[in-house]
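Asks: Take a look at the following structure, please.
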Amino acid sequence: MERCPWCGTDPLYQHYHDHEWGVPEYDEQALFECLNLEGAQAGLSWITVLRKRDRYRQVFDGFDAERIVRYGEVKVAELLADPGIIRNRLKVRATIGNARAYLELREEGRSFSDFLWGFVDGTPQINHFSSMKEVPAATPQAEAMSKALKKRGFKFVGPTIVYAFMQATGMVNDHLTSCPRHKALS
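Counting from 1, one number per residue, gives the positions in the sequence shown under my numbering.
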């Protein structure tokens with residue numbers, strides 16, 4: 001199997017590439033989790049977050065927005081002291097604020113999944129890149145999603161982060177054409 005080269009030889013990274021990355025995700029809580037983890041990755045490598053993902057799920061209550069939104073200063077201090085996550089105050093507070101924004105969207109009767117997938121008309125976009133050099137850092141759809149998320153109060157959702165989120169959740173298929181996952185997900 002000629003995988004996309006970004007996952008290298010790390011078994012955890014390869015498993016993520018082979019079974020998760022680019023698979024269309026419509027579950028709202030899974031999308032909320034992924035968006036926050038992509039934000040936590042800002043300035044770091046994805047493998048760093050991937051190695052810490054299980055701990056994130058534990059300390060952030062399975063990314064249950066209704067629980068996260070109630071986090072106070074004691075919980076924030078606990079999170080910032082936990083070496084199992086990325087201990088960045090802005091990123092931790094962003095997750096709490098993102099929970100609030102997520103719940104406000106739901107209170108309006110809007111589906112988070114429909115809101116996000118609306119930027120690609122509800123259908124994965126299939127790209128046909130043959131090298132990593134061709135893959136963009138962001139697209140007009142990612143820029144529009146980023147702007148809409150920021151307007152709703154989400155943090156750590158710049159266009160590059162949002163495009164990585166779109167790739168991870170299968171809104172776009174950016175597996176290289178030489179990768180068997182490209183065909184499997186097309």
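Beta carbons are placed, not taken as given, at the ideal position from N, Cα and C, and that holds for glycine.
Note down the Cα distance separating Asp61 from Ala168, rounded to an integer number of angstroms.
Replies: C-alpha separation (whole angstroms): 22 Å.
Asks: Since I believe Ala94 is in contact with Phe32 (beta carbons under 8 Å), could you give me their beta-carbon distance rounded to a whole number of angstroms?
Replies: Going by Cβ atoms, the distance from Phe32 to Ala94 rounds to 12 Å, so no, they are not a contact pair.
Asks: Based on Cα-Cα distance, which residue from Val120, Phe112, Lys133 lies nearest to Ala144?
Replies: It is Val120.
Asks: Counting C-beta neighbours from all protein chains within 10 Å, is the total for Arg57 16 or more, i.e. buried, or is it exposed?
Replies: It is exposed - the Cβ of Arg57 has fewer than 16 other Cβ atoms within 10 Å.
Asks: What is the DSSP secondary structure of Gln41, counted as helix, strand or coil?
Replies: It is coil, neither helix nor strand.
Asks: Go to Gly97, then tell me how far its alpha helix (DSSP H) extends in each direction, as first and last residue.
Replies: First-last of the alpha helix (DSSP H) with Gly97: 89-107.
Asks: Check whether the segment 110-118 touches the segment 69-85, taking contact to mean three or more Cβ pairs, one atom from each stretch, closer than 8 Å.
Replies: As far as the Cβ criterion goes, the segment 110-118 does not touch the segment 69-85, which means the pair count is below three.
Asks: Going by Cα to Cα distance, which pick from Leu103, Leu80, His175 is closest to Arg70?
Replies: The shortest C-alpha separation from Arg70 is found at Leu103.
Asks: Can you name the start and end residues of the alpha helix (DSSP H) that Leu116 belongs to?
Replies: Start and end: 112-117.
Asks: At the level of alpha carbons, what is the spacing between Gly122 and Gly22?
Replies: Straight-line Cα distance between these residues: approximately 15 Å.
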